[in-house]
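So the sequences go chain by chain: R and X.
In case it helps, my numbering puts the first sequence at residues 1 to 212.
In case it helps, my numbering puts the second sequence at residues 1 to 219.
Working notes for the structure below.
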Amino acid sequence: MTLTKVLSDALDSGINQIGQLRILRGPLRLHHIDDVNLDSLEVHTDPDDAREISLYTSDGKYRFTKGELSLKTGWIFILDSVEALRRAIDLFYPASLGLWNASQNNEIRVQNLRDKLNRQTGMYRHARNVSDEGIQKLVKCLCGPSNKCVKKILWEIDETTPLEDSEASRFDGIVGDIEMTTAIPMVCQEACNFFVAQSRKKAKKEFEAREQ
Amino acid sequence: MREAFYMIDADEVYVVPDFISEGYFTQEVIPRELSLTGPTTEVHGKTIHYCDPVGIHPSMTSLILQRIDEVAPGVPQEESTLFIVGHGTGLNKNSTKAVKDQVDHIKTLPNCRFADVIDTYMEEPPFIADWGKLAKTPYAIVVPFFIADGLHSYQDIPMMLGFEKEEGLAASQKEVFRRNPYHLQDKTLYYSAAIGMEPMMADVILDQISTFDAQNDAH
């Protein structure tokens, strides 16, 4: 089944939100969940405009990861097909539909953090030296909505070491207090490159602390 | 990058690295991240064809020539030295190969009228900083062989050429490409944006796929 059909079926089942995006039907529209007065929004009809809109926050800061909980408001897409809607969603949140579909079908390839860190080479090979304790701290200060990440963490440190309970590890990938059946959760199958980079820094700090 | 497979319906996928040369990322990191073991790999039920990076495709030569026409229109090539600038590094000899190949291609073109075509680098000889000594002609045209404009093309190379200082505006606001020509060292110098900024790069990506198919008999 194509992802366009998956999305179409999801809309039929009552889903109307993904990340910070609200989907309206008849006609098909897409806007920020925080925008209420739809008449005042800048209208877009080309789904490719999503690429530009998603680059910067409202105050002009570069969004270095698309999963950042900082999508700017003030725009609305009026789209002529579910295919176009899929295109726009994939530009706002790359692979989010596919990852959700794979997780629904138990086909998602979750990679635990140790496996991710252990396969790093070059300057990032040192990231593997970070301690479990250091990782648990990093999750709490980098992941989850408090740290502006919109994704539900699916990975653990390794097979026998789960993430400690925290707002970040509990987050279900759905923004706002809404009925779960009306939203597509954003999922994190493996730690992002930012997390790897921060793991490297943490490992360096831990090493320096031991040397002192 | 590893998540990209999830958003593709197609069973057959071509991966074209948007890199200017072969090196650590194209030979090690991308294959590792995408679980590729050769030119064609079956990964998670899809057939993945791994193409060469865009920068080493022969059609980059016509991109360079087009860029020269845009940057230095009407400049007599017989009185010009063309510099193609790469990064250069002692760590990987492949990083200079793409630049040397382009120089060789341009020199052997039947309609090449440049007095000289020289490969130069930021961090290994021949250094672009020595352009004034290397050029024996009244005109010099400089094309950075980089995939995108950034600190190197906005600031580092202009400083090495001698028309930009480190202080002042943010690198991206210096408009170094819009102030041609520069009059330096008794020569007239024309400076181009990074070659990868050329819109025709999209065609080179498709060319790289065609080349892959021709070489690997994919279809």
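For glycine and all other residues, C-beta sits at the position ideal for the given N, C-alpha and C.
Item, Value
"Is there a Cβ of chain R sitting closer than 9 Å to that of X/F83, yes or no?", "no"
"Kindly indicate if chain X contains any beta-carbon less than 9 Å away from that of R/R119.", "yes"
"The stretch 38-57 of chain R: which residues have C-beta closer than 9 Å to a C-beta of chain X, in chain order?", "none"
"Starting from R/P94, find everything on chain X with Cβ-Cβ shorter than 8 Å and list it in chain order.", "E3, A4, M7"
"Rounded to a whole number of angstroms, what is the C-alpha to C-alpha distance between R/V187 and R/L154?", "7 Å"
"Given this structure, state the Cα-to-Cα distance separating X/I20 from R/T45, to the nearest angstrom.", "35 Å"
"Indicate whether the contact test is met: 3 or more Cβ pairs, each with one atom in the stretch 105-114 of chain X and one in the stretch 23-37 of chain X, closer than 8 Å.", "no"
"Give me the Cα-Cα distance between X/H183 and X/L151, rounded to the nearest whole angstrom.", "22 Å"
"For R/A84 and chain X, any beta-carbon pair shorter than 9 Å?", "no"
"Give a yes or no on whether the C-beta atoms belonging to R/T2 and X/R32 are separated by under 9 Å.", "no"
"Tell me which residues share the same chain as R/R87 and place their Cβ nearer than 6 Å to its Cβ, disregarding the 5 neighbours each side in the sequence.", "P47"
"Give every residue of the same chain whose Cβ lies closer than 6 Å to the Cβ of X/S192, excluding the five residues on either side of it in the sequence, and list them in chain order.", "R67, V71, V143"
"Let me know if R/V106 comes out buried or exposed under the rule of 16 or more other beta-carbons within 10 Å of its beta-carbon.", "Looking at the sequence shown, residue 106 of chain R is not Val but Asn. Exposed: under 16 other Cβ atoms inside 10 Å."
"Taking the alpha-carbon of X/V13 as reference, which of X/T41, X/E28, X/P73 has the nearest alpha-carbon?", "X/T41"
"Would you report the Cα separation of X/L206 and X/M159, rounded to the nearest angstrom?", "35 Å"
"Over what stretch of residues does the beta strand (DSSP E) that includes X/K46 continue unbroken?", "46-50"
"Are at least three pairs of beta-carbons, each pair with one atom in the stretch 174-185 of chain R and one in the stretch 199-212 of chain R, less than 8 Å apart?", "no"
"Secondary structure at R/G98, three-state DSSP: helix, strand or coil?", "helix"
"Check for me: the alpha helix (DSSP H) holding X/P31 runs from which residue to which?", "30-34"
"Can you check DSSP and say which residues form a bridge with X/L82?", "X/V117, X/I141"
"Three-state secondary structure (DSSP) at R/R29?", "strand"
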